Structure formats: C-alpha cells, structure tokens
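Taken in sequence, the protein lines are chains A and B. Per UniProt numbering, the very first residue in the first sequence carries number 1; after that it's consecutive. Per UniProt numbering, the very first residue in the second sequence carries number 1; after that it's consecutive.
Number of protein chains: 2
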Amino acid sequence: MEGVNQIYQYSIISSLAQGICADGLPVFQALRYGDHGLGTLAGLDGEVIIIDGQAFQYTSTGGVRALEESDITAFLMVTFFEPSKAVTLPYLTHETLMREMSSLYPSTANHFFAIRVDAVFPHITYRVAPRQNHHRETLAEVVHRQSVRSFKEQQGTIFGFYSPAFTEAFSVVGLHLHFMSEDRKAGGHVLGFQARDVSLSGAVITKYHVELPETEDFNSGVIVEPDKGMIRSAEGLDQ
Amino acid sequence: MEGVNQIYQYSIISSLAQGICADGLPVFQALRYGDHGLGTLAGLDGEVIIIDGQAFQYTSTGGVRALEESDITAFLMVTFFEPSKAVTLPYLTHETLMREMSSLYPSTANHFFAIRVDAVFPHITYRVAPRQNHHRETLAEVVHRQSVRSFKEQQGTIFGFYSPAFTEAFSVVGLHLHFMSEDRKAGGHVLGFQARDVSLSGAVITKYHVELPETEDFNSGVIVEPDKGMIRSAEGLDQ
C-alpha cells in the first residue's frame, strides 16, 4: 500500500460511536502509512493532528503536546498528501469549502478528498473531546462534555478529509477537518471557520486501506452501523 | 498491501446495487492482489470465481470459461489465502458453517473471514446472475431474472468471505460464497448447500483494501447506502 494520496485508516468510526475504543495501535506505527492526517487517542482522549509527519495531541484541558512512542491511537486516518490541484482564494468558509473543491474536481461524486487549507482565520471554532470517563462511554456521550473554543485572527492550517456518502459506518461522511495554529499552540476538531488569504489544495483519493483493531476490546461486542444523525451531530456537522 | 490474508476489493456493493457497474478494471490487474476470490464482470455479467490464481466466469446460459486479458470486472474481492485453521467434518450445511467458524475463531466478532470448503455436496443450490439488460438496471432487478440451478452429489469447492455487520455499504454482510465443481464445469453464487466429507479452512482478515473505480460511470451519480434487506435478498441470503 505504498504510494501517495491513499488513505490508511486504523479502526472505524462506528467502533468509536459505540465506545469500543479503550485500546489500539501505537500511533507511530500508523505514521508509516502517511504524514498528514487526524484521529484520536485510546479512550477518545483529545484530538490528534498530524502535519508534515509530526503528530500532536490537543488535550481537553487546552494543552498541546507532541505524541510519543507510548501513545496509542484508537482511530486514525493518514495519507502521504501530494496536492494534485491548488488555488489561492481571497475568502473561504466552512460552508463554501466543498463548492470550491467541486469546482477543482468537477466530475468526482464518490471519491475521498484530502484537503489542506492554509490561511488567516478571522474566526474559527473547534472542539476538543475529553477522555471517556468510563469504559464503553459512547462518542455521543463523550462529546456532550466537549470543550468548544473559538479564536480570532489566527494564522494556521486545516487538514482533513472528505468521505463519500457510502462510508457512513467507516468514516465521518462529508468533511472531517482538524485545525492547527501556526504557532502550534492551539487547535482541535473544526466546527466552523471563515478564512482569508487562502491557499486551498486537494487530492482525490480512490485507494482506501482499513486496518481493523486486533484488540480484545474491538472484539468485545458486535459493532453495528451507528445512527447517521448521531455521527453528524457528534462530529459537529449540524452546527 | 502485500501479504497474505488481506482483502483487496475493487468497487463496492452499493455501486452494483444502484446499477452503476457498466465499466471497471481488467480482471487480471486485480489478481496481483490475490489468488482466491469472487466477483462479477462489467454489466453484472455472470459470476466470477477465482481459485488457485485462475479466474473463471459462469455465464447465465450455463457456460464456463477461463477469463481473458480483455475481461473487465465491476466488483471483485480477492486474497492470498493461507488458512490459519483447518478442520475435517463429516457433515456441514450453509446454516451451520458460521457456527463451525465461530468455534474455530471464538473471540472474533468484527473481522472478515476467508473461507474454503472442499467437500462432496449431496445437495447444492446456486445462481448465476444475467447481464444487465439496460444501463443502470439495479442488482435487485437483475437477480429477478437469475438462473437458479441445483446439483446433487457434486464434488467441489466453495470459496468466499464473511463480512462483518458494519460493512453493509461496501460488501455483502455475512456469508458471500461462490461454488466450483471439481470438473470445473458448473458453479455460481451459493444459495444453499449440504456437504459431507468436509475440509473446512479459514483465515481471519483484519486488513481491508478498497479501490474505488475511476470510471465515468462510477462518478455518474452519488452512490448511497442500499437498503439492508435489498442486498440480503439480492444475494440470496434470505432463501
């Protein structure tokens, strides 16, 4: 599975939705398959952002730290990102991002995209999920306790993926984006943004590699497809 | 994506369900990723069976032919199968197969299995789907015209996959098995069987590689998740 612009994904979103995410894979093992991406740690502990091969955790207390050998991911999507198209734009918002992507890639209805936005964000809102406070606490319950932060006039980078409609049980359908400020001191899971002086770049992804956990936790109950609305709501897509 | 007991899958079942399967990939390209598997050709033309690296088509007129360079698959699942467990059994049926697999692999709730059954089949029923008779004819419409055949006292091999519940949009949830008679003159998509003098072998699969078509047809409409009952019915799982 070598090659650029392919997705390597560890575990599936429906496992997190059911709260089956106590354990996982050493995050550095997953970085063999990509240098850009996003995810979370075991127990849904905060938000993980991978930029230029470096992995960081935004903690629910507002901290930022570089991930270490001992950190375990419960869900991760990474790619070796090589933009196939790029454009500069004076202005962009969360709501207009897919319109711009669709004009860059007009005949793509059912593929993934990798998306990067470098910009000044006059306004950006993001969340950091807290750690599960008991085994099997579901994603919906966890994000009920999330910290939402917003910043003004932040320079930074958004990186993430668009996943097509049929991937509901595997991935977050639609946009799933994490933010990192230029000074690497702030960030999280994007809930909304306005951006100016934008460099938008993207790549179409047709190769999707999924590795299912071999942990006891993953096999402790049958994973069913989550309610479509629940994932959208838990990921902040209805806000 | 080298390595044994991984699934390489070309396209997704929900694309076929919507009848988006006019075109695809030269089948021999897919055989780089596995030597055992099953699938269909462009336009849902018959059933494809891959055994020991050789690919065959069962046509809806009852014929069998070795696939050629020019044959195009619209959906294929293959693996380099190396059984991790094997057992001989005096008797096995379609209904008891997963009970046997679960006792071979007791703690696996959410993984794929590759499954091979070599046996004498006192009774086996299978179908061959006909070619779409118009563009975008759905899988449910196509199998409404399928030929169902049954044989008695056939020696042969069943090969296929068990896919976990959350793969509904990607794969056929549960058992998806194709049959090949020992003389390679009969076979198709298994609807039911009784077997004696059985060699059952299997492997757990945790790595799942999906390649989405880059054809114009695949991008001609948004693929949505099919109704769960429709796939079960179209694949003969309710019979």
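All C-beta atoms, glycine included, are put in the ideal place defined by N, C-alpha and C. No experiment lies behind these values; they were computed from the predicted model shown.
Beta-bridge pairing of residue 247/B - partner residues as DSSP gives them: The question about residue 247/B has no answer, for chain B in this structure spans 1 to 239.
Residues of the stretch 220 to 233 of chain B whose Cβ lies closer than 8 Å to any Cβ of chain A, in chain order: Ser220, Gly221, Val222, Ile223, Val224, Glu225
Below-8 Å beta-carbon distance, Gly236/A vs any chain B residue: no
Inter-residue Cα distance where the pair is Leu31/B and Val78/B: 7 Å
Cut-off 7 Å between Cβ atoms - residues of its own chain near Ala165/B, not counting five sequence neighbours on either side: Val173
Contact set between Lys207/A and chain B, taken where Cβ atoms lie within less than 8 Å: His209, Val210, Glu211, Leu212
Contact belief for Ser181/A with Gly156/A at Cβ below 8 Å, rounded distance in angstroms: 4 Å
Residue burial classification, Val204/A (beta-carbon count within 10 angstroms, cutoff 16): buried
Ser103/A burial status per 10 Å Cβ neighbour count (16 or more: buried): exposed
Test: Thr108/B CB closer than 8 Å to a CB of chain A: yes
Boundaries of the alpha helix (DSSP H) in which Ala22/B is found, first to last residue: Here Ala22/B belongs to no alpha helix (DSSP H), and DSSP marks it neither H nor E.
Chain-ordered chain B contacts of Ile12/A [CB-CB under 8 Å]: Simply Phe166.
For Thr206/A and Pro213/B, the rounded distance between their alpha carbons: 7 Å
Below-8 Å beta-carbon distance, Phe218/B vs any chain A residue: yes
Same chain, Cβ closer than 7 Å to Gln239/A, neighbours up to 5 away in sequence not counted: Confidence is the limiting factor: at Gln239/A the pLDDT is only 46, short of 50, which leaves the residue's position unreliable, though a coordinate-based value still follows. Same-chain partners within the cutoff: Leu191, Gly192.
Exposure of Ala17/B, with buried meaning 16 or more beta-carbon neighbours within 10 Å: buried
Beta carbon proximity, His111/A to chain B, threshold 8 Å: It does: the Cβ of His111/A has a partner Cβ on chain B nearer than 8 Å.
Closest residue to Ser60/A among Gly43/A, Glu69/A, Glu216/A (Cα-Cα distance): Nearest to Ser60/A by C-alpha distance, out of Gly43/A, Glu69/A, Glu216/A, is Gly43/A.
Chain B contact for Ala169/A (CB, 8 Å cutoff): yes
Residues near Glu153/A by beta carbon distance below 8 Å, same chain, minus five either side: Val120, Phe121, Pro122
Environment of Ser15/B [buried if 16+ CB atoms lie within 10 Å]: buried
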